[in-house]
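Protein chains: 2
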Amino acid sequence: MEIDEAPRTRMPAAERRELILRDATAVFAANGYGGTTTDLVAKAAGVSQPYVVRMFGTKEKLFLAVLDRASRVLAEAFRAAIPGPDGDERRERMGMAYVGLIAERGLHQVLMQAFLLGGDPVIGPEARACFLGIWQLVRDEAGMSEQESRDFFAGGMLINTIVALRLGDSHGVDPEIDTMFGVAFPCSFDVYKDVLPTADEPY
Amino acid sequence: MEIDEAPRTRMPAAERRELILRDATAVFAANGYGGTTTDLVAKAAGVSQPYVVRMFGTKEKLFLAVLDRASRVLAEAFRAAIPGPDGDERRERMGMAYVGLIAERGLHQVLMQAFLLGGDPVIGPEARACFLGIWQLVRDEAGMSEQESRDFFAGGMLINTIVALRLGDSHGVDPEIDTMFGVAFPCSFDVYKDVLPTADEPY
DNA sequence: GTCTATACCAAGATAGAC
DNA sequence: GTCTATCTTGGTATAGAC
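In structure tokens:
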């Protein structure tokens, strides 16, 4: 009785790779490095588990690829927001760009996951390089002062935390959280309410 | 040829419990929830793996106990820093209290780990409650305005990240990092240089 | 380029002795 | 209160077919 499509639609490697990386980002973000299985990633991407391993070598290398992609996506988003009036306005644009990336499921969280793995002998150094790279971009390319860079970064880390915590779920029901959103984000709730992940979203 | 001490020194349950929780904090902090094994915790605490499970039920319950302890320790440290002149001075004292807790190995990181698990059906709600509890303490008990609370929290999240990333290792060799430390911490590097974890610290 | 089958190991949890 | 031994599951990675 032939249940259709055994070997999924064939696809050029590069394209499939990008597809898997996107899905892996969301899975790593939600489950952490240790909590993620290559099978979970495979399921999310609609391919077999051995294929994921085959394509990236090991789970660790897959994570590094995810991290690399995430930091490049972030850097691009920031760079795209730089042109135009500088100072407060530029910071505002960059903040909006950052919040806009919430739509890229798991991007902020996977970066945090990597940062938290600073003690790992192989992921740690990569994570530090990534963090420093963004720091330099913000300070040198966007021209923020050190104090401005610090505040910008700190705000970013807070946003990451709020997103990862799924605090958005409580928005509108919990006044505590409403006020937090009011101060934490560089724009009104409407802008990002439909991109925030929900508490019961699998990833 | 009797290699000594088979059943380790007996100890009242409450005391052993606290001891295990401390060590588990460091292990969870360094390896994440998924990356932590009950055996790793057992080794760190110098007891057998089944005993850890026996005492806490499951790995998940152990993590919840660690989270609960961490948030209580943090709340106490903040409360102890409230009495005295308010405004900037109080914020400064609270910031110092926060940095001082770096000596409690893994405390900040384990909180972050919990926050990143916001999507988890059982850990998520606990993590949100913990975050909100501290938010309320900072705003209501310490009397910070919403904007001040937000900045205080944001700075805290940045400190967590820097600590977890083991950026301290590069201090003194990398000028980028020196300037970051200069702006991110509420005190000079000397105050915390010997409590910051190193990149190769197992946990 | 993608799958199925499987070897192998690691980790959580239980049983039960001391 | 604490251990040793062990059962069981599930996850990484390999082999090899299509």
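Chains as they are written, first to last, in my numbering: chain A, 1 to 203; chain B, 204 to 406.
We put the CB at the ideal spot given by N, CA and C, even for glycine.
- Note that the stretch 368-375 of chain B does not touch the stretch 278-293 of chain B; fewer than 3 beta-carbon pairs, one per stretch, sit closer than 8 angstroms.
- With contact defined as three or more Cβ pairs closer than 8 angstroms, the stretch 240-260 of chain B and the stretch 214-222 of chain B are in contact.
- Put simply, the CB of tyrosine 301(B) is far from chain A, with every gap to its CB atoms at 8 angstroms or more.
- Of all residues in the stretch 180-197 of chain A, those with a C-beta nearer than 9 angstroms to a C-beta of chain B are Met180, Gly182, Val183, Ala184, Pro197, reading in chain order.
- An exposed status is given to aspartate 381(B), since fewer than 16 other beta-carbon atoms sit within 10 Å of its beta-carbon.
- Contact with chain A is found for glycine 358(B), since one of that chain's Cβ atoms lies less than 8 angstroms from the residue's Cβ.
- Cysteine 333(B): member of the alpha helix (DSSP H) spanning 326-339, first to last residue.
- Ranked by Cα distance from phenylalanine 384(B), the options Tyr51(A), Lys59(A), Gln147(A) are led by Gln147(A).
- Under the three-state reduction of DSSP, threonine 179(A) is assigned to helix.
- At a cut-off of 8 angstroms, the C-beta of glycine 321(B) has a neighbouring C-beta in chain A.
- In the DSSP annotation of this structure, the continuous segment of the alpha helix (DSSP H) that includes phenylalanine 153(A) starts and ends at 146-165.
- Along the stretch 349-374 of chain B, the positions whose C-beta sits under 7 angstroms from a C-beta of chain A are Glu349, Gln350, Arg353, Phe356, Ala357, Gly358, Met360, Leu361, Thr364, Ala367, Leu368, Arg369, Leu370, read in chain order.
- A residue is called buried when at least 16 other Cβ atoms come within 10 angstroms of its Cβ; arginine 105(A) meets this threshold and is buried.
- Taking 8 angstroms as the threshold, the shortest C-beta distance from alanine 80(A) to chain B does not fall below it.
- Judged by DSSP in its simplified three-state form, glycine 172(A) adopts coil rather than helix or strand.
- If you draw a 10 Å sphere on the C-beta of glutamine 136(A), you find fewer than 16 other C-beta atoms in it, and that means exposed.
- Around alanine 268(B), the same chain offers Leu224, Phe259 as residues with beta carbons nearer than 7 angstroms, after the five sequence neighbours per side are excluded.
- Here DSSP, grouped into helix, strand and coil, assigns alanine 245(B) to helix.
- In this structure the stretch 227-234 of chain B lies against the stretch 301-315 of chain B, because at least three pairs of beta carbons, one per stretch, are closer than 8 angstroms.
- Note that the C-beta distance between alanine 199(A) and arginine 166(A) is below 8 angstroms.
- Closer than 8 angstroms to the CB of glutamine 252(B) there is not a single CB belonging to chain A.
- Burial is judged here by how many other beta carbons sit within 10 angstroms of a residue's own beta carbon; valine 313(B) has at least 16 and is buried.
- DSSP places lysine 396(B) in no alpha helix (DSSP H); its state is neither H nor E.
- Where isoleucine 223(B) is concerned, the enclosing alpha helix (DSSP H) starts and stops at 216-238.
- The closest CA to that of glycine 298(B), considering only Arg272(B), Val341(B), Ser274(B), is found on Val341(B).
- When only Cα atoms are considered, asparagine 160(A) and proline 12(A) end up about 34 angstroms apart.
- Within the stretch 321-345 of chain B, Gly321, Gly322, Gly327, Ala330, Arg331, Phe334, Leu335, Trp338, Gln339 place their CB atoms closer than 7 angstroms to a CB of chain A, listed in sequence order.
- Within the stretch 34-46 of chain A, the residues whose Cβ lies closer than 8 angstroms to some Cβ of chain B are Gly34, Gly35, Thr36, listed in chain order.
- Not flagged as an interface residue toward chain B: glutamate 89(A), since no C-beta distance is shorter than 8 angstroms.
- Leucine 335(B) and valine 325(B) have their C-alpha atoms spaced approximately 16 angstroms apart.
- Scanning chain A for C-beta atoms nearer than 9 angstroms to the C-beta of glutamate 379(B) yields Leu132, Trp135, Gln136, Arg139, reported in chain order.
- Per the C-alpha coordinates, the member of Gln113(A), Ala80(A), Arg72(A) positioned closest to alanine 30(A) is Gln113(A).
- Phenylalanine 63(A) and proline 288(B) have their alpha carbons spaced roughly 48 angstroms apart.
- In this structure, the straight-line span from the alpha carbon of threonine 239(B) to that of tyrosine 254(B) is close to 16 angstroms.
- Shown here, valine 250(B) sits in coil according to DSSP, grouped into three states, outside any helix or strand.
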